[in-house]
Amino acid sequence: MFKELEEGIKKALGELNLPEVAFSLEHPKELSHGDYMTNVALIVAKQEGKSPAEVAGNIFEVLKGQNIDGVERVEVAGPGFINFTLKREVFVRNLVDAQKKDWGQNNSKKGEKIMVEYTDPNPFKPFHIGHLMTNAIGESLARITESSGATVIRANYQGDVGLHVAKAIWGIQQEPLPEGLEDEKNSTVLAQYIGLCYVNGAKKYDENEEVKKVIDSINKKIYERSDNEVNKLYDWGRKITLEAFEEIYKTLGTKFNHYFFESEMASKGILLVREYLEKGIFEESEGAIVFKAERYNLKLHTRVFITSQGLPTYETKEIGLTKTKFEKENPDLSIVITAVEQKDYMAVATEAMRQIEPSLAERMKHITHGMMRFASGKMSSRLGNVVTGESLLNETKILVKQRLRIMNLTQSDTEHLSGIISVGAIKFAILRQAIGGDIIYNEEQALSFEGDSGPYLQYTAVRAGSLLQKGKDLGIGPNIENPVTGTETLERLIARFPEVIARAQTEWAPHYIVTYLSELAQEFNSWYGQGKIIDEDVSATAYRLSVVAAVRKTLINGLWVLGIEVPEKM
RNA sequence: GCACCCGUAGCUCAACGGAUAGAGUAACCGUCUUCGGAACGGUUGAUGUGGGUUCGAUUCCUGCCGGGUGCACCA
């Protein structure tokens, strides 16, 4: 459709001896303005020094005679826009495609292999709602990429060495397992205790010089594995916290293909740094080995790669990680998703990688998102003022269960449903806005299921499902043979879905999908309220059911891309 | 101080340089003898501020004000 319109416009420009310019063909914001619009007349008018309305009028006259297939009406409006309204049959026919399994997908990245790294929680530290945010965004970007035909490799990079681990281990040493926990088997509960130990260690590290020295020495012991007691606590704590994370991934619906650990990246990173120290990429400064990134890019700065104690920093492990990723999977593109805090030092690490191996740096992409914050300020796991991932998931789940009570479900159904709905609510709250901005964590709002929310979309899809079921019970299935009035707006909205997905792909922006689905659901519910969908007129009912089926498919596929499941009932 | 990001209804967010700046929520008023009310309809309500570029600026540039993040041995 798009192509034919474009050709038609170019043809018109030729006939009028007007220059071919770069114009855009887009959807007007208002459906009443048509299905496509172009500002070509405004651009040409500017170049030619003519009045936009006059140019638009001339183009319109030519287009009118062209009879472009599928176009019902061409109009000139506003300051010189040319609007195209498509024939209804185009949208009616589209309803068939919109019921198919792969509705909304495209092949723009077919054959490409793309690795997406996200979530990245640190063993020994709490999994807080910031990690939930990275996970929701990362999973959605992974699925957006999958729906472009690419093969996606999901990776998770977890910091199992480093100062934070030393802080936690020191904390554990100060405060052995509290009573009642000696025989505890549940790793989620034990992980909470380890999290508290970390907070205590982090606090004392800043306050007390002596403690700082002890923790620094524990840090060295962890890297060297030279102390039996430390090793024992380390192995135990690592296992427990990783198990607890695994529970959360399961709840969130993420399955990683690769788990990378900082402990495994250190030695490879150190080797690279030492090798390129001799080649002059890195240099020694004040006993440490540093990379002066500002030499290559004025916006960047110097960072330490190996400390004066001889320990690798995050940056060194990062280049070890990058190298490992490409050795293992050799992706066409390697994406890392983190909060914006990490932007600058990732840029430095990437620049270092560029000096070491330029071809890899070209295939790296860092996508940052805003931070979860309280209205009052920043959350910090170091200070212990965080909302943990489990507590948010649990609280939301409890609220959902209260609402489900009236349905008289079995206990396992309640568990299952409340899981799907609460995860949907949380993911929606994260994905509804552009990923660059901070999210102000407001409990009341995060736990609200009315209006624009995950449950609203899930509910709408379920509602559509029960209409289809009712039709089926009556022996009426979707059929487009007898289009009836009342569904025109919905049909036009449905047809836009593939373009919305495509835009989310090129801009790495899940929120376009959220906005679109909310609009679609609203339009559907509004139509639903206007009259009966299933009535005595069988062929009209069958037609309406095909609209219902297309809406349901669009919602299901759209929510899937967001990482949100649609329950059978709710 | 330097770099990057942000400032839109009371609150939380949309708007690929375009037409009358859209939603949700809160407040108020309504709809329903439900094909599922986690619903639907309506009213009130907004681009921080001064310049500039443009036929046209919430969007681009710039000054100011306000907020966030980062800036060598943490990640």
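Residues are numbered in the working numbering as their position in the first sequence, beginning at 1, plus a constant of 329. In this text, a Cβ means the ideal position worked out from N, Cα and C, and glycines have one as well.
DSSP three-state label for A617, please.
Indexing the first sequence from 1 puts residue 617 at position 288. If DSSP states are grouped into helix, strand and coil, A617 belongs with the strands.
Comparing C-alpha positions only, which one of W837, P807, E468 and P784 sits nearest to L884?
Within the first sequence, residue 884 is the residue found at index 555, counting from 1. Comparing Cα-Cα distances from L884 to each of W837, P807, E468 and P784, the minimum goes to P784.
Less than 8 Å between C-beta atoms, sequence neighbours within five positions excluded: which residues of the same chain meet that for N368?
Position 39 of the first sequence holds residue 368. Correct list, in chain order: F352, S353, G409 and F410.
Starting from N412 and walking both ways along the beta strand (DSSP E), at which residues does that stretch end?
Position 83 of the first sequence holds residue 412. Run containing N412: F410 to L415, per the beta strand (DSSP E) assignment.
Euclidean distance between Cα positions of R881 and L360:
The count along the first sequence starts at 1 and reaches residue 881 at position 552. The count along the first sequence starts at 1 and reaches residue 360 at position 31. In a straight line, the C-alpha of R881 is about 21 Å away from that of L360.
Comparing C-alpha positions only, which one of N451, T717, T645 and I749 sits nearest to K730?
Here residue 730 refers to the residue found at position 401 of the first sequence. Nearest C-alpha to K730: I749.
Going by DSSP in three states, S741 sits in which element: helix, strand or coil?
Locating residue 741 in the first sequence gives position 412, counting from the first residue. Correct three-state label for S741: helix.
If you check the beta carbons only, do P827 and S875 fall under 8 Å apart?
Position 498 of the first sequence, counted from the start, is the residue given in the question as residue 827. Position 546 of the first sequence, counted from the start, is the residue given in the question as residue 875. For P827 and S875, no; Cβs fall outside 8 Å.
Taking the alpha-carbon positions, what's the L510 to R567 distance?
Here residue 510 is taken as the residue at index 181 of the first sequence, counted from 1. Here residue 567 is taken as the residue at index 238 of the first sequence, counted from 1. Near 17 Å, if we compare the C-alpha coordinates of R567 and L510.
Could you give the C-beta distance for L786 and L888, rounded to a whole number, given that I count them as a contact under 8 Å?
If you number the first sequence from 1, residue 786 lands on position 457. If you number the first sequence from 1, residue 888 lands on position 559. That pair is a contact at about 6 Å.
Starting from N537, follow the alpha helix (DSSP H) in both directions and report where the run begins and ends.
As a working note, residue 537 is residue 208 in the first sequence. N537 -> no alpha helix (DSSP H), and no H or E assigned at all.
Taking DSSP's pairing of strands, which residues face F589 in a bridge?
Position 260 of the first sequence, counted from the first residue, corresponds to residue 589. In the DSSP output, where bridge partners are listed per residue, F589 has Y486.
Length of the line joining the Cα atoms of F589 and A678:
Within the first sequence, the letter at position 260 stands for residue 589. Within the first sequence, the letter at position 349 stands for residue 678. Distance between the alpha carbons of F589 and A678: 17 Å.
Just verifying my parser: in three-state terms, what is the DSSP assignment at R692?
Locating residue 692 in the first sequence gives position 363, where the first residue counts as 1. Three-state DSSP puts R692 in coil, outside helix and strand.
Beta-ladder partner(s) of A406, from DSSP
In the first sequence, counting from the first residue as 1, residue 406 sits at position 77. A406 is bridged to F410.
Once DSSP output is grouped into helix, strand and coil, what is the label at P839?
Looking up residue 839 in the first sequence gives position 510. Note: P839 maps to coil in three-state DSSP.
Assign V813 to buried or exposed, taking buried as 16 or more other Cβ atoms, counted over all protein chains shown, within 10 Å of its Cβ.
Indexing the first sequence from 1 puts residue 813 at position 484. Under this definition V813 is an exposed residue.
Segments assigned beta strand (DSSP E), at least 3 residues, entirely inside the segment 721-808
768-770
Would you please state the rounded distance, in angstroms, between the beta carbons of D673 and I443? I believe it to be under 8 Å.
Locating residue 673 in the first sequence gives position 344, where the first residue counts as 1. Locating residue 443 in the first sequence gives position 114, where the first residue counts as 1. The pair is not a contact, with the Cβ atoms about 24 Å apart (cut-off 8 Å).
Note the first and the last residue of the continuous beta strand (DSSP E) segment covering Y872.
Against the first sequence, residue 872 aligns to sequence position 543. Y872 -> not in any beta strand (DSSP E); alpha helix (DSSP H) instead, spanning V867 to L891.
Beta-carbon separation (whole angstroms), K597 vs T653, contact threshold 8 Å:
The sequence position of residue 597 within the first sequence is 268, counting from 1. The sequence position of residue 653 within the first sequence is 324, counting from 1. Indeed, because the Cβ distance is near 6 Å, the residues count as touching under 8 Å.
Proximity of E591 and G491 at Cβ, strictly below 8 Å:
Along the first sequence, one-based indexing puts residue 591 at 262. Along the first sequence, one-based indexing puts residue 491 at 162. Their beta carbons are under 8 Å apart, which means E591 touches G491 by this criterion.
Contact set for A758: own chain, Cβ-Cβ below 8 Å, skip 5 residues either direction:
Here residue 758 refers to the residue found at position 429 of the first sequence. Counting only Cβ-Cβ distances below 8 Å, and skipping sequence neighbours, we find I768, Q774, A775, S782 and G783.
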